Structures are given as structure tokens and as C-alpha cells.
Amino acid sequence: MKIDYFLEFPYAELRSQDGKSYFKICSYANAYSDADNINDLDWHRNFMILHIPGFKAELNEVILEGRLIKFYIQELKSFSAIKKKTVIFEASEPFFELTFTLDARKKVEIAGVVQIPVGTGNKLQFSYETDLTYVDLFIKGLEDILVKFPVKEMKS
């Protein structure tokens with residue numbers, strides 16, 4: 009039985025304005041719950057989908073850390089408040105990279121790269137246009153992920 013991660017777990021979704029393209033990522037578990045060091049303790053197991061017309065990539069892997077998500081929430085909030093013109097959202101390992109750029113019309117260009125398998129697979133470069141409303145929804149999704157999977161710290 010296949011799990012529908014996006015029905016069962018918190019996720020962040022970034023859609024294009026026309027609705028034809030989207031990037032979705034969810035966290036569904038802590039990757040290393042029994043870790044004895046701060047470097048491994050905060051990792052999440054993630055399911056990611058990139059859908060653009062004519063192409064769909066799926067990835068089920070250990071991709072994001074809680075601290076990294078928290079950092080990007082702040083970066084994207086600054087972007088949404090038009091305090092930054094560009095934000096690069098990327099995983100610690102080079103699975104994906106999304107560059108958010110605000111243009112003069114206050115439209116947001118998403119330029120990205122996805123590589124599967126990481127380090128050895130083909131790289132797909134893509135772009136689509138969205139707006140700050142969808143960026144805000146993406147931020148809300150990242151916040152929902154952190155509610156379910158808060159940043160982990162080592163216990164003394």
C-alpha cells in the first residue's frame with residue numbers, strides 16, 4: 009500500500025501562478041531519532057515532488073534539517089516583506105535548489121535545479137513564475153513542518 013505523504017504529514021508547496029508547476033516537500037519522520045550527536049539528531053525524512061509540464065520528479069530521502077527549515081523560514085519572510093530581492097533555498101545535500109527572485113512587477117521567479125540521484129544523476133533546470141501569496145503559503149507549510157517536527161537539540 010502506497011502512502012500519500014501529503015495527506016498524512018505536514019508539507020510545504022510552492023505553486024506557479026498558472027497552477028501547472030509545483031514543488032512540494034513534506035517531513036514524515038525524524039531520520040535519526042536515536043542519534044547521539046547534534047549533526048544527526050535534527051535530520052528529517054522527506055518526500056519531495058517537482059512537477060512541471062512534461063516532467064515529474066519524486067524523491068524519498070533524508071533531505072532537510074529542522075534548523076535549516078527554521079533558517080529558511082526567516083529568509084523567506086524577509087523576502088516576502090520585500091526586504092530581500094533574492095533567496096536561495098537548498099538542501100544540505102544537493103538534491104535541489106530553488107532561487108526566489110522578485111522582479112520589478114513584484115512577481116516571483118522560481119529558478120531551480122533538481123538532481124536525482126544526488127551527486128550522480130542528471131540535473132534538471134527549470135523555472136516558473138509565482139507571486140508572494142504562494143511564497144507565503146510555502147512559508148506556512150514550512151512552519152507546519154516545524155510544529156510536527158520541531159528543531160532537535162541535544163539534551164544535557
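For the sequence shown, this note's numbering begins at 9 and goes up steadily by one. Where is the CB? At the ideal position from N, CA and C, for every residue including glycine. Every value quoted in this text rests on a predicted model; they were computed, and no experiment measured them.
Counted within 10 angstroms of its Cβ, other Cβ atoms place residue i as buried (16 or more) or exposed
i      : result
Gly27  : exposed
Arg113 : exposed
Ile71  : buried
Gly62  : exposed
Gly127 : exposed
Lys160 : buried
Asn130 : exposed
As assigned by DSSP and simplified to three states, the class of residue i
i      : result
Asn47  : helix
Asp42  : coil
Gln82  : helix
Val143 : helix
Ile124 : strand
Phe31  : strand
Glu16  : helix
Lys156 : helix
Glu117 : strand
Ile77  : helix
Lys148 : helix
CA nearest to the CA of residue i, picked from the options
i      : options                          : result
Arg142 : Leu110, Leu15, Lys163 and Pro102 : Checking the sequence, you will find Tyr at residue 142 rather than Arg. When only C-alpha atoms are compared, the closest one is Leu110.
Ile222 : Ser88, Gln133, Val116 and Asn54  : Residue numbering for the chain in the displayed model covers 9 to 164; residue 222 lies beyond these limits and cannot be assessed.
Leu154 : Tyr80, Ile57, Ser29 and Leu15    : Tyr80
Ala89  : Phe103, Ser29 and Asp139         : Asp139
Tyr40  : Phe31, Trp51, Tyr30 and Tyr13    : Trp51
Gln133 : Gln82, Leu145 and Ala65          : Ala65
His59  : Leu67, Ala37, Ser29 and Phe87    : Ser29
Inspect the CB distances between the region 69 to 79 and the region 93 to 112 and report whether three or more fall short of 8 Å.
yes
At least 3 beta-carbon pairs within less than 8 Å: the region 146 to 156 vs the region 14 to 32: yes
What runs of the alpha helix (DSSP H), each 4 residues or longer, lie entirely inside the region 48 to 72?
none
- Message: Three or more C-beta pairs under 8 Å: does that hold for the region 104 to 123 against the region 44 to 51?
- Response: The region 104 to 123 is not in contact with the region 44 to 51.
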